[in-house]
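Asks:
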Amino acid sequence: MENMSIDCVHTLGFLMRHVKPENTILDIGCGTGEVGYFLERTGYDSVHNIDILDLREFETKRFELYNGVNIPFENCWFDIVILSFVLHHVPNEKKRLLLEEAVRVTKGKLFILEDTPRNPIDRLFSYLHGTGYRRKIKSNEWFGFYRQKRWEQIFRELGPKILVSQKLSRFCRHKGAPFARSFFLLEKSEPLTQIPEN
Ligand SMILES: C[S@@+](CC[C@H](N)C(=O)[O-])C[C@H]1O[C@@H](n2cnc3c(N)ncnc32)[C@H](O)[C@@H]1O
Numbered sequence: 020m021e022n023m024s025i026d027c028v029h030t031l032g033f034l035m036r037h038v039k040p041e042n043t044i045l046d047i048g049c050g051t052g053e054v055g056y057f058l059e060r061t062g063y064d065s066v067h068n069i070d071i072l073d074l075r076e077f078e079t080k081r082f083e084l085y086n087g088v089n090i091p092f093e094n095c096w097f098d099i100v101i102l103s104f105v106l107h108h109v110p111n112e113k114k115r116l117l118l119e120e121a122v123r124v125t126k127g128k129l130f131i132l133e134d135t136p137r138n139p140i141d142r143l144f145s146y147l148h149g150t151g152y153r154r155k156i157k158s159n160e161w162f163g164f165y166r167q168k169r170w171e172q173i174f175r176e177l178g179p180k181i182l183v184s185q186k187l188s189r190f191c192r193h194k195g196a197p198f199a200r201s202f203f204l205l206e207k208s209e210p211l212t213q214i215p216e217n
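Just so you know, we're using this note's numbering here: the sequence shown kicks off at 20 and counts up by one.
#1: Taking its Cβ as the centre, do 16 or more other Cβ atoms sit within 10 Å of residue 59, making it buried, or is it exposed?
#2: Which whole-angstrom value is the C-beta distance of residue 44 and residue 29, which I expect to be below 8 Å?
#3: How is residue 188 classed by DSSP in three states: helix, strand or coil?
#4: What are the residues that DSSP puts in a beta bridge with residue 206?
#5: Are at least three pairs of beta-carbons, each pair with one atom in the stretch 110–129 and one in the stretch 74–86, less than 8 Å apart?
#6: Of the residues 21, 103, 91, 35, which one's Cα is nearest the Cα of residue 46?
#7: Identify the continuous alpha helix (DSSP H) that holds residue 148 and give its terminal residues.
#8: Should residue 108 be listed as close to ligand 3, given that the test is whether its C-beta is under 7 Å from any heavy atom?
#9: Determine the DSSP secondary structure at residue 101, reduced to helix, strand or coil.
#10: Please report the residue range of the alpha helix (DSSP H) in which residue 67 lies.
#11: Which residues in the same chain have their Cβ closer than 7 Å to the Cβ of residue 33, if we skip the five residues on either side of it in sequence?
#12: Roughly how many angstroms separate the alpha carbons of residue 105 and residue 179, rounded to a whole number?
#13: Rounded to whole angstroms, what is the Cα-Cα separation between residue 182 and residue 129?
#14: Does the Cβ of residue 97 have 16 or more other Cβ atoms within 10 Å, making it buried, or fewer, making it exposed?
#15: Any heavy atom of ligand 1 closer than 7 Å to the Cβ of residue 26?
#16: Below 7 Å, is the gap between the Cβ of residue 71 and the nearest heavy atom of ligand 1?
#17: Does the distance from the C-beta atom of residue 50 to that of residue 111 stay below 8 Å?
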């Protein structure tokens with residue numbers, strides 16, 4: 020088996036506390052596919068990967084390109100939906116739309132890792148990282164890196180319950196990039212069921 024990167028060890032370390040091998044999992048913005056690949060290798064059999072680009076370096080069983088907003092699955096299809104360092108690359112006016120879609124396709128949890136700048140130096144590095152990606156996909160759309168509190172506000176407005184909102188250590192992932200990051204675990208609230216009148 021290939022060696023797992025430090026970033027993947029970090030992501031799986033969080034993720035595996037919240038998923039069981041029998042769960043259906045969607046990794047939105049899977050990038051290289053490393054997370055899905057190692058999940059499959061460790062017995063997680065129902066992992067779906069989607070992205071707006073095919074950047075795969077790891078062979079996964081299931082991968083689809085999509086338009087960046089409309090997730091090609093039915094309502095409540097997955098036990099858990101992952102957005103790992105994706106939301107800052109999504110143009111601002113599409114962030115909520117994508118999150119609404121993520122909420123729509125999960126019947127349970129949303130697992131989110133995100134760069135959440137805390138000071139002007141973080142902002143500068145985030146900006147450079149973000150413009151590099153925009154150049155790569157030849158897009159002029161405006162993207163933003165939000166602070167942890169701003170994401171919490173957005174998640175509250177969208178509806179899911181925030182189970183965890185955790186500030187992470189700058190050195191939790193690879194040492195060359197000591198970015199400010201946060202982990203969020205959201206849980207979709209049950210829709211109110213109508214009690215039939217007698
Ligand atoms: C920093 S990489 C993260 C990759 C992977 N999730 C990880 O944690 O290693 C960001 C990924 O988000 C993808 N992406 C950007 N906009 C997206 C969107 N609207 N929907 C899904 N993926 C998107 C990019 O193509 C890229 O693969």
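Where is the CB? At the ideal position from N, CA and C, for every residue including glycine.
Replies: Let me lay it out:
#1: Taking the sequence shown and counting its residues from 1, one reaches residue 59 at position 40. Residue 59 should be labelled buried.
#2: Start at 1 with the first residue of the sequence shown, and residue 44 comes out as number 25. Start at 1 with the first residue of the sequence shown, and residue 29 comes out as number 10. Going by Cβ atoms, the distance from residue 44 to residue 29 rounds to 17 Å, so no, they are not a contact pair.
#3: Here residue 188 is taken as the residue at index 169 of the sequence shown, counted from 1. Look at residue 188 here: in three-state DSSP terms it is coil, with no helix or strand label.
#4: What you label residue 206 is simply residue 187 of the sequence shown in a count that begins at 1. Residue 206 pairs with 128, 180.
#5: With contact defined as three or more Cβ pairs closer than 8 Å, the stretch 110–129 and the stretch 74–86 are not in contact.
#6: Along the sequence shown, one-based indexing puts residue 46 at 27. Per the Cα distances, 103.
#7: Walking along the sequence shown from the start, residue 148 turns up at place 129. Segment 139–155, the alpha helix (DSSP H) holding residue 148.
#8: As far as ligands go, the structure on display features ligand 1 and does not contain ligand 3.
#9: Taking the sequence shown and counting its residues from 1, the one referred to as residue 101 is at position 82. Three-state result, residue 101: strand.
#10: Position 48 of the sequence shown, counting from 1, holds the residue named residue 67. Premise fails: residue 67 lies in the beta strand (DSSP E), 65–70, not in any alpha helix (DSSP H).
#11: In the sequence shown, counting from the first residue as 1, residue 33 sits at position 14. Counting only Cβ-Cβ distances below 7 Å, and skipping sequence neighbours, we find 202.
#12: The residue you call residue 105 lines up with position 86 of the sequence shown. The residue you call residue 179 lines up with position 160 of the sequence shown. The alpha-carbon separation between residue 105 and residue 179 amounts to approximately 19 Å.
#13: What you label residue 182 is simply residue 163 of the sequence shown in a count that begins at 1. What you label residue 129 is simply residue 110 of the sequence shown in a count that begins at 1. So the alpha carbons of these two residues sit roughly 10 Å apart.
#14: Here residue 97 is taken as the residue at index 78 of the sequence shown, counted from 1. Result: buried.
#15: Here residue 26 corresponds to residue number 7 of the sequence shown, with the count starting at 1. Answer for residue 26: yes, Cβ within range of ligand 1.
#16: As a first step, residue 71 must be located in the sequence shown, where it is residue number 52. Because some heavy atom of ligand 1 lies under 7 Å away, the Cβ of residue 71 counts as near it: yes.
#17: As a working mapping, residue 50 is identified with position 31 in the sequence shown. As a working mapping, residue 111 is identified with position 92 in the sequence shown. No, the pair does not count as a contact, with Cβ atoms beyond the cut-off.
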